Each structure stands twice: as structure tokens, then as C-alpha cells.
Amino acid sequence: MATPPGRPFHVFPSGETTDSCATTPRVAELSDFDRGVIVGLLIGEGSFGGDGKQPQVTLRMHVRHEALFRWLVERLPATRLYGPYSHGGRSYYQWMARGRALVRDVLPILEHQLNDGLDGHAATRFRAMLERYASFIERERTRRPLE
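For the sequence shown, position 97 (counting from the first letter as 1) is numbered 1556 according to the working numbering, and the numbering increases by one without interruption.
Rendered as C-alpha cells:
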């Protein structure tokens, strides 16, 4: 269960939250609406890249969007929410999907929806990430599922 809105949650020194839904590996059943919101968020605000070893999708937005971040983590519980951070006059949360969580839970949503006709710039960034991390993605897709 997610932390109720407005209730503080613990943040480790690394910035990772201990919100219970952030560590649960099971993915919620997503409605068409859920998929649409996720795709829209990631097209408009997401960053597609990686750390050189594994791909990652990052979403960074102002703390006023906390409820939206919590909604996202409830639906994609193997992803991580970090923050809140205050830096350079900004207060924000950062959500990340990387590694197995990205390949298993997020890529299937984006691969079927993100195309040049919808948003060429985001589609180009997404394809570049897929190409750069193709061997990692293929390896994760062939691994045994998490129990």
C-alpha cells in the first residue's frame, strides 16, 4: 500500500525512499488510461538514457507533483522514487526505471506507443537508448521472471 498523501516517508542518505510500494516487485494491472498517462508523462518530461551499464528512464518534476509520482510508483512498483530534493532553488522528486524494472515493466508500454508520429524527438531519444543498451535489454528479456 502506498504512503497516504501528505504523510512523510523516510529518505535514505542516497535519496531513495522506503515507501513500501517502491520495493514491491509486482506490477499492477494497467488500464488504457494508466498506460496513456505513463506514456504522456515520459514523452513530455522523461529522459531516456543510461549509466553506461544499463538503460534508465528518469522523470524529474517539482514536489507539487508528489501525488502523481506516488500514482506512478503504485502502478510500476519495481521503479524507484527519490527525494524530495532541494537544489539550485528547485524542489523536486526524481523517479527512475532502470535495469530489470525498465525492461520488464516500462519498455512494453513505451514500445507500442512511442513513435515518430506521436513525438519524433522523444521517439528518437527512446530508440537511441534501445540501440545503445540492446544487449542488456535482450539479456533481461530472456532471464527467468522474478517470483
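The C-beta atom is built at its ideal place from N, Cα and C for all residues, glycine as well. Keep in mind that this is a model prediction, so the values were computed, not measured.
- Contact annotation: residue 1550 and residue 1521 have beta-carbon atoms nearer than 8 Å.
- Contact check for residue 1489 and residue 1534: beta-carbon distance about 6 Å, within the 8 Å limit, so the pair qualifies.
- DSSP places residue 1549 inside the beta strand (DSSP E), whose first and last residues are 1549-1557.
- For the pair residue 1568 and residue 1519, the CB atoms are not nearer than the 8 Å cut-off.
- Bounds of any alpha helix (DSSP H) do not take in residue 1506; it lies within the beta strand (DSSP E) bounded by 1505-1509.
- Sixteen is the threshold: since fewer than 16 other Cβ atoms of the shown chains lie within 10 Å of the Cβ of residue 1583, the residue is exposed.
- Nearest to residue 1526 by alpha-carbon distance, out of 1553, 1594, 1507, is 1553.
- The alpha-carbon separation between residue 1514 and residue 1586 amounts to approximately 11 Å.
- Shown here for residue 1555: same chain residues with a beta carbon closer than 6 Å to its own, the five before and five after excluded, namely 1515, 1517, 1539 in chain order.
- Counting along the chain, the unbroken alpha helix (DSSP H) around residue 1572 starts and ends at 1566-1572.
- In this structure, residue 1573 sits near residue 1498, with a CB-CB distance shorter than 8 Å.
- In this structure, residue 1505 sits away from residue 1592, with a CB-CB distance that is not shorter than 8 Å.
- When 1579, 1565, 1578 are compared, the shortest CA-CA separation from residue 1531 is found for 1565.
- Beta-bridge partners assigned by DSSP to residue 1521: 1551.
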